[in-house]
Each structure stands twice: as structure tokens, then as C-alpha cells.
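One structure below.
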């Protein structure tokens, strides 16, 4: 498995594409920072949001640092030779101190890169919000450009760091299974970022809404609401940093898993190096396509639809990636390249299809959300029953899409070459994720637009500005649905790729993982239970944190004189602090469950049970993610539907019932639901690390 | 596989035990009917409930008749030789018309027996309610005896029909895999009974509560409420008929699956007939133990705790079964009998443990329900968030128990003889279900006591009578929790036994069902989705039916003069009719999804995918069943906790919030949750029927 010169050149090419992505991200950031922030009040608000977000990230990463250090040390003592699978040439690569450092260093780079992506995105989105508001004072075109560029900084950072990281570490350590600990580092951080960010944002949101909107009767984003800054910070730490870390993890894990699988299944055909390098090159294509397509995102006039501009960016990326991917696959693999290419297309189409289905079940232009709104007329209970029913049902079509993608990507690759099918599935994941640069850009645009609206409201800029930002915000809600579907779909495919790579690495590929073996059934049951437990932790955390937040907002309304008249200044910082503390404290337990389960099962019950945990956890995790995300989205939009004046409109009994549904849906869709993605991935990456270890050392595995 | 004379004697013995059980049930019914029904008003109310229940059952079975006939005809054309697996001796058994009739006749007997068990239970519980009320006028001791005997009729009918049915058909057709269509008949009927009954009871309950209690402010079971009879009928068709059909199905399916597995894994050891007959004999032991233990259910004095009396019955049954089971296992199997016996004990203990855990998460004497009550103080949204969190978390320990039972029962049997492990797991299921006679008796006692209280209220008998019935009702709530845990746990183990038997019958036992095969992953995903879809149907059905019921009750309050003053008579029949029509109409779609999925997957994707559907469906179905049952139970008791005067008591804001949670929990715990049990079992029984067929005929299975 030595690298020839052309191989090294290709890996450097891919590394270069990652670096280019980071440079373009930096240029976008500079171009955004050149813009004017508007009035002093706007600057003040933007700074408050920026500082709140930074304070949270700093505390979060400071809390994670000891965990990262502990894992770093543990990995130092994991014998790296286990990952060379008896290949003497590979074993030679990891001798001495450099070899000993391969696992822990890759892990550390992954963790730091994930944190860096979080900071980069957070800086750019919080620095873009007031500038977008200011641009919106003169028109929507420029506002779109600024907010999209703000998002693109995040998107291109995520993809660029992912690709450069994997390529660079591969050039350094040469063995895909070893540098997988890069993905483990990324996923450990992503898990906590998702859960912590999710708790933060919903504690602030629920607190701000229940006391501010419902009890005090003041509008959304009103500066008199003490939780308003925390709420705006939450949009960033939840939607931007959380989603970014989540997709960074998917990106890293999928690329490496695909390399592991490619190196294994294409060995006999003499195409091992091609199999390893192809995922990196598809990543490079996707990044270049994303960069090119950012130039498509522009509105032809002030009256144009901003949605169309974003769609152009997304479709442009998909089409360029597909075309270039076809030629690359044919060039590297010849005849069997067609089957591999089908996998990439299946991945790209899965993204589009799940986004569309998500829209179908959650948009208030469609029946499901409207039916929830109608059920609100007989009270909160019927609203909730209907919403739960919609969420449960919404899992069916996305599962069909995922299953079809698995089938097609496997079938066509397998038809080309026996044993290649699982590489086809990994390519579906890779195809989907290669467009992450653009998808994250479009997703991060949403919170910028949302914040921009908030600043317009808080700075009292007048309705014409708000109209422009509202238009962008509405588009942001749709793109958020697309991104959510993307995150879930890609997590599912990533988890499957990790599962397959795990089996290869644990030496289970030949014997198989037979569900008729009771230890496998046991693993399946245990794995399927983990998402339920983690979701429960997440829901409870929001409940507790919101409880504190409600008490604090009530206290301020009661104790600060003149707060309702606008003469007394609310204490924003204390609300920011409550959300921060709660999120940091409550993210630890579910995180440890996620990381601990594979470790305990692996060492206690052995590699077969651990494989089954991954399979059961993935199936159950994906279903729960879809259920919770879509139920929450549908409740949210059922409420918005009533707020458009239907069924009695705002303030009616139906509206009050819909607000209850929306509040229940908040932690569903923004805390527990999104936590499922990093959960199933972190279980996969840690299992892939443990694979050769638990295959040799476990307590009960030999009995079955 | 011919039956020697001693074998035939043993099968007849087991058949005889079933018949004895039916005779004892009949004697109990006669002894109940001898009692006095009390005042004419009490008789009138009891008759109304009886008639409503009968009307529902008649309509339900009439609706199912064509489905049963269609399946009967289809089964007639399934080549029965496929089930003899090339065994010439077995093939000789099923020649000619008698052979052709084996599958359809077994199916029909199963369907009819299930319906008969439903009728028997319904007659006995609805005939016992007023008699229990009347006895409660003089004391609680006799009231307990009558209500328990009413329940015991149901319990002994279920177990007796199950055992006599399986033994009788086995004597007639000799091949366990063939008479499995008895279990299929039972499960098809149970599926519809559970879903239909669940929709009925909750449509009536939600309707009666939301309009009667919340809007009109009249108490529970008030005769002025037009939905009050429908509500009482619902308690019977949901809790008694539904639960009875559910456990009858588990009983039949487990016994047959254990026979199939025993006949296969003990063949080489020369213990094939013992393996086949042992499940029947354990069933016989359990029935005799249940009959003996009914005599333990008595209160020593008027002040004794009725719970203790029921516990005596349950523990008596468990202990007698365990002791007799030990000697039987040793007698039939010698040394390896110990391992098999461990399986039985594991099953008995699983029952006890899951009942205890259910109690822990749902009783209002424990923290989880109390915390939900406390969360109600900040409104319905926080009550719901907390309740969902409790439900999600409550899945963990029961899964641990089930997993431990699988592990222990497999391990000890496998240690005794290689390959025997899966028989051990089947014995865990069988051990658990052997006590069904007593468990169903104790469960059915609950609705009798509940109805008795209702009649006391409606007949205005005064508080001292109500106090006695309330005491029994409170015990009934606890036993209902135990029975719910029993139903879920036994469904899980039954489904696993069916899954194993399916694999044997489809010829997958040697090749295995490898999760690394994409078609298996696809099956796993699809199977795990089915419970979500069926739960969604169930929730929506209740939503729709409750909507109609609310409109009708409101209409009657508005249009019938003097209804609130007690001078105008409400139209009970129209409410009964709404529940009936809605239940019948809405039960069809989810039922067809459950039956259709294995058929479509089997013929389209082949036997591996179908096996995976069973595994995925079982894991996901059990988790959803636990989640929904426990969340619903906890919401219910959180409300009751507040009603004891805590946190402001009845009428407080916290109480109003808790009522919303309880209403959402109703279809969770009594419709969607219980539907999961027959769902996973019916998928298993139909797959077991299809096994040899789809192994030979399918579209895409060969590709993987």
C-alpha cells in the first residue's frame, strides 16, 4: 500500500482543493466585513449577539478540552499495528513515535478543525447579520448577497477543512483506517456541539416565547424581552455552529469510510489506490463545483425571487459535480466506473428527494401542517395528537428514498464487479456530501437572515426594512428544511458507510453479522434503544433549562422598573448566561452515553454485538430524527399558518393551542432530533477505532 | 416424524388441560351469573353496556369475515408440501384433501377461537360489573371475588382455547409448521381487535372527557353525559377483548414457534418429539397452576389489601409453574433439561421485572409521574415535553430485561447442547406465556372493577359503595400496568421465537441473515418503519373519531332539553354508534399495512429481506410500544396525582395542563401502543406461513 508519485500528486490535488476552499471562504469574509453595519444601535445589538455566541463557544470548547485530552492519551496507548491488518508494508509505515502519534494526532486535528469550523462560521454569521439589515434598508438584492456570503464562509470552511484535513493526514500517515480518528475527533466535538447548541437555542426560545410573547404579550424580537439576545444567539449556536459541526463530521467520516472500503474491496482488482483516492477527488470536485456555483446565487432584479437564486446555486453544484464525477469515475475505473457513478448520482438525488418530502410534511402551504392547524380548533390535545401522527407518518417516504438509494448504488456497482456494491453505497454518501460546501452555505444563510430581521425589529428600523428581511427569512425557513433533510439523509448513509468499514476492520466481512445469532439480536435491541435514551436526555435538558429561563424573565419583568415602558434596560447577559450554563451542563450525560455505549458493548459483548448496535442504532436513530424533525417543523408551521389569519388568526383559541404544539415541537426539532445525527455517526466512528481492538479483546463475545 | 403412542397420550393430556380450563371458566361464569344484579337501574345500565359491547363485537367480526374468507381461500392454494421440507414421512401426512385443508382449516380455527375468546370475555366482564357493584354495597371481599371470577373467565378461556386449539390441531395434522396458520388466524383477528378496540375506547373516552368533564364540568361517569355508556363499553372492548385477543395470539404463536424450533434443533439429539411436545406440556402446567392459584385470590378480611390477594394468585402461578416445569424438563430431556428450565424461569422473571419497571415509570407514588405533574405548573407544553422524555427513557430498563432474558435463556441451553440455545429463548417466551391464564384474569378484573364503579356512580348508590369499588379500581390500575408490561414483553419474545422459526422454515438457518448484506439493511430499515406508520394511523383514527364524538356530545347538550338537569334523557346509542363506526372503518388501513408488508417484501425482495423486516420491526415495535404505553400511563397518573390535591388540585392551572397531557396520552397508551404487539406478531406469523413460498418465489431476492 505504498503511494506512487501520481498517487501523491492526486492526494495533494485534493488537499489543494480544500485549501482553495478555505481561501475563498476568507475572501468572502473580508468582503462581508467591508460592508457598513448601519446605526450605532444596530452595531451594539450585533456585538451583543457576537459576544454571546463567542462566550458560549468558548465555554463549550473549554468544557470539551479535558475530554479531548483524555481520549488523546487513551489513543496514544492503542496499538496502532492493529490497524494494519497484518500488512507488513503498512506496518512499516506506522513504526516508531510517528506511528504511535498517528491515532492521537489525527483525533486532535479532527477535534480542533471542528472547533475551528464552528468559530469561523459563528464569526461570519454574527458579523453578517447587522450588515444584512443595513443592506436591506436600500433593497433586497444586496442583502441576499451579504447574507449568502456570510453563510458561504461557513459552508466553504466546513468542506475545505474536511477535505484538507483528510487529504493532509492521509499524506502524513498513509492508512485510511488510522486517520479515521480524525473523523472520531470531529464527531466527538460535533456531538456535544449539536446537543449543547440545541439545548441553548431552545431554552432561550421557549423562555423568550412563553413569558415574552404569551404572558407579557410583546412581539417576537422585542428589545424589552430580557431573553431576546439569548434567543438570537441561540439561532447561531444551534442552526449554524451545530449544523456545521454535524456536516463537518459527516464529511470527514464518509470520506474516510469510503477510503477504507475502497482500499479493501478494490484490492483484488488491482485498483486499490484508485479506490482510496476517488473519494478525495470527488470531494475536490464538489468543492470546486460549490465555489463556481456561489456565483450563480444572485437576484436578477429587486423583484426576483431569492429562492430561485439559492436554487440555482444548489442545482449548479449538483449538476457540475455529477458531470465531472462521471468523467473522473470513467478515467479511474474504466468500465466499472459507471456503476460507481450511479452511486454518486443516487446520493445527489437522495438529497433533493428528502428535501422535497420534508417540505411536503412541514410547509404550511401543504395539507399536513394545515390539518394540524385545523385540529387546533378543538384544543391543544388534538393539535398534539395530530402533530405526532404527522411526524410518525413522515418517516415513511424518506426511508423509501434512502432504501432505494442503497439498492441502486449497491446494485449497479455490484453488477460491474462482484464485491463492489458496498463501495457504491459509500459513494452515495460521498456524492451527497460532496455538495456540503453549498448546502451548509445555504443553510447558514437562514440564521443570518433571521438575525437580520431581529436586529431590524430591535433597532426599530421600520416596516420596509423588515419586509425585505422577512422575505429572506421565509426563504431561510425552506432552506433550513432542505438542510435538515440533508443532515439526516447524509447521517444515515454515513452511518452505513461507517458500519461497513467497521465490519471490514473488525474482520467480520467474511463471517458476516448474522441476526439469527442471539448476541446480534441483543446488540440490535440495545443499539435501537440508545436514540430513545439520548432523545430523552435532550428533551429533559430543554425542559429544565427553559424552566430556569422562564423564572429569570419573569423576575426581570417584575423587578426591573420601567422595563415594559422601554425606560429600564433588561439584563440580557443573565439570560445568555442561563442558556450557556444549562447547555454546557446538560450536554455531558447524553454525550457520554453515545460515546460509552460502543465501548461497553464492544469490550463486554464483542465485535458482533457492536456491529449490531450500529445497525440498530442507525435504523432507530434515523427514524427518530425524521419523526422529531418533521413533527416539530409541522407544529411550527401550523402555528404560522394560523398567524396568517386563518382559523381565527393570532390570539384565537386555535392559535393558543397551536402555540402549545409549537413549544413541544421546539426541542423535538431543534434539540433531540438533530442530536440523532451525530449520535449515530459518533457510535460509528468510535466503533471503527475500536474494531481491531474489540475483535481481539472482549469478555463474552466468544460465547456466541 | 410419526407419533408413537406415548407421544399421542402426552398431546391428548395437553389437550385435556385446555378443555379443563374451559370447563373451569364456564363454572366461574355460572357462579357469577347466580349473583344478584341489584336495583333495576343497575341492571339497565349493565345491559346497556353489554349490548353496546356485543354490538361492537358483532360489527367487528362481521367486517373481518370477508378478510378471513379471502385468506382461507388463498391458503387453500398454498402448496402444503412446502412445509414438509422434503421429509417424505411428513409429506405423507399431508396428502390428499385432508392435507390441502390443513392450512386453511387451522387458520379458520384460530380466527374463530380468537373471536370466541373475545365473546366469552366480553360476556363475563359485562355480566360481572353490576354484580360486583351490588356486592360492594355490603362489602369489598365478595366484590373482589365476583370481579376476579369475571376476569378469570376471560383468562382461562384464552389459555384453554389456545392450548386445546394447538394440541387438537397438532393431533389432527401432526406438523407444527402447518398448524402455524392457527396462530396466523389468531393474530389476524387480534390485530384488528386491538386496533379497533383501541380506537373505540379512546374516541369515547376523549369525547366524554373533553366535552363532559372539561366543557360542561360534570364528573366522570355522570349519567347526564351522552358518551358515558360508550366510554364504559370502551373499557371492555379495549382492555378486555383487545388484551385477551392479543395474549391469545401470543399464546398460540409462541407455542407453535417453540414446537417448530424444538422439532428442528433437537432432531439430531434424538429428542425431536420431546422438543415438540414440551411446549404443550409447559402450557398444560401453566394452566393447571393458574386454576389452582385462583383459589389463592381471596381477602382474609374486609380490611385486607385486595392487591395482596391478586399478588398471591400471580406468585402462586409462577412458583407452581417453575417447580413443575423443572421436573418435567428433567424427565423429558435429562441433563440438558436444566438449561431449558433456565429459559422458563427467565421468562417468568421477565414478566415480574417488566411489571415492576412499568409501575416505576407510571405510578404516581414514584418520581417520574410526579415530575410530570410538577412540570404542569408552567403549562401544557412543559407537561408534554416532560412526559415525552419520561416515555422515551422508560424504554431502557425493559430492554435490558428482555436482552438479559435472551442472553440467559440462550446461554444456559446452549451450554447444555450446541444448537439448543434458540430453543432456550423460545422457552423463555413459553414460560412467560404459560401463566397467561392468571395474568389475563387479573388484567380483566380491572375493567370489571372500573365498570362497577361507573355503575355505582350512574345508579347514584352513595359514597360508601363507590369507596369499595374505587379501592378495587385502584388495584385494577396497577394490574393493568403489569398486564401491559406482560403483553409487550411476551410480544417481544414471541416475535423473536417467530423470527427464529421463520428462519428455520425459510432455510436461512445455515446461511444466516447477514446485516452486511444490503438487502438485509434495506429490510431492517423498512421493518423498523412499519411501527411508526401503524402508530400514525392509530393516532389519526382516534383524532378523527374523537372529533366526531365531541361534535355529537356538544350537539346533545345543546339540543336535548333538560339534559343537564337530569330531566331529559341523553341519546347514549348515537355515541355508541359513532365509536363503533369509526373503529370499524379506521382499523382496516393499519391492519392491511401490517399484513401486506411481509407479503410485498417477501415476494419482491426475498426471504433475507423479510427476515430483516421481522428483526427491524420487532426492535422498533417493542421500543415504540414501551415508549407510548409508559408515556401515556405517566401522563394519566400525573393528572391523578394533582387530583389528589397536590400542586393546586383539581381545577388549578396545573390540572388543566395535566388534562391535556392525559388526553394526548390516551391514544398513545390505549390505541397506538397496544397495536404494536399484534403488529409485530402478525408480521411474524404471516412470514412463517410465507417462509417456504418466498424462499422459492421472489423477484429481486436472488440479486443479493
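Chains as they are written, first to last, in the numbering used here: chain A, 1 to 704; chain B, 1 to 704.
Using N, Cα and C, we set each Cβ at its ideal position, and we do this for glycine too.
Chain B contact residues for residue i, given Cβ-Cβ distances below 7 Å
i, result
"residue 694 (chain A)", "Correct list: empty, because the minimum Cβ distance to chain B is about 17 Å."
"residue 432 (chain A)", "By Cβ distance, chain B contributes nothing, its closest Cβ being about 17 Å from residue 432 (chain A), past 7 Å."
"residue 410 (chain A)", "518"
Residue i - DSSP class collapsed to helix/strand/coil
i, result
"residue 514 (chain B)", "strand"
"residue 387 (chain A)", "helix"
"residue 697 (chain A)", "coil"
"residue 9 (chain B)", "helix"
"residue 223 (chain A)", "coil"
"residue 570 (chain B)", "coil"
"residue 95 (chain B)", "coil"
"residue 354 (chain A)", "helix"
"residue 79 (chain A)", "coil"
"residue 653 (chain B)", "helix"
"residue 412 (chain A)", "helix"
"residue 174 (chain A)", "coil"
"residue 364 (chain B)", "coil"
"residue 1 (chain A)", "Because residue 1 (chain A) carries a pLDDT of 48, less than 50, the predicted location of this residue cannot be relied on, and the following value inherits that uncertainty. Three-state result, residue 1 (chain A): coil."
"residue 303 (chain B)", "coil"
"residue 43 (chain B)", "helix"
"residue 163 (chain B)", "helix"
"residue 218 (chain A)", "coil"
"residue 459 (chain A)", "coil"
"residue 269 (chain B)", "coil"
"residue 564 (chain B)", "coil"
"residue 106 (chain B)", "helix"
"residue 559 (chain A)", "helix"
Local Cβ density within 10 Å of residue i, reported as buried at 16 or more and exposed below that
i, result
"residue 421 (chain A)", "buried"
"residue 8 (chain A)", "exposed"
"residue 650 (chain A)", "exposed"
"residue 12 (chain B)", "exposed"
"residue 191 (chain A)", "buried"
"residue 49 (chain A)", "buried"
Where residue i meets chain A, residues with beta-carbon distance less than 7 Å
i, result
"residue 663 (chain B)", "381"
"residue 421 (chain B)", "518"
Whole-Å CB distance - residue i paired with residue j, under 8 Å assumed
i, j, result
"residue 437 (chain B)", "residue 287 (chain B)", "5 Å"
"residue 285 (chain B)", "residue 324 (chain B)", "5 Å"
"residue 680 (chain A)", "residue 609 (chain A)", "That belief does not hold up - the Cβ atoms of residue 680 (chain A) and residue 609 (chain A) are roughly 17 Å apart, past 8 Å."
"residue 280 (chain A)", "residue 14 (chain A)", "4 Å"
"residue 627 (chain A)", "residue 392 (chain B)", "Going by Cβ atoms, the distance from residue 627 (chain A) to residue 392 (chain B) rounds to 11 Å, so no, they are not a contact pair."
"residue 241 (chain A)", "residue 162 (chain A)", "Incorrect: roughly 16 Å between the Cβ atoms, too far for contact."
"residue 601 (chain B)", "residue 498 (chain B)", "Actually they are not in contact, since the Cβ atoms of residue 601 (chain B) and residue 498 (chain B) sit about 15 Å apart, beyond 8 Å."
Residues that residue i contacts on chain A, provided the C-beta gap is smaller than 9 Å
i, result
"residue 265 (chain B)", "In chain order: nothing, as chain A lies at least about 12 Å away."
"residue 699 (chain B)", "Correct list: empty, because the minimum Cβ distance to chain A is about 12 Å."
Under 8 Å from the C-beta of residue i: neighbouring residues of chain B
i, result
"residue 403 (chain A)", "522, 525, 526"
Amino acids of chain A, ordered along the chain, whose beta-carbon sits closer than 8 Å to that of residue i
i, result
"residue 396 (chain B)", "529, 532, 533"
Residue i at chain E interface by Cβ criterion, 9 Å
i, result
"residue 564 (chain A)", "Protein chains A and B are contained in the structure displayed, whereas chain E is not."
Which residues of the segment 600-628 of chain A have a Cβ closer than 8 Å to any Cβ of chain B? Give them in chain order. Residues of the segment 600-628 of chain A with a Cβ closer than 8 Å to any Cβ of chain B, in chain order: 611, 612, 615, 616, 619, 620, 622, 623, 627.
Which residues, in chain order, does the segment 459-475 of chain B contribute to contact with chain A at a C-beta distance below 7 Å? Result list empty, no residue passes.
Using a Cβ-Cβ cut-off of less than 7 Å, give me the residues of the segment 134-166 of chain B that come near chain A, in sequence order. Flagged: no residues at all.
Relative to chain A, which residues along the segment 318-333 of chain B have a C-beta separation below 9 Å, given in chain order? The segment 318-333 of chain B vs chain A, Cβ under 9 Å: nothing.
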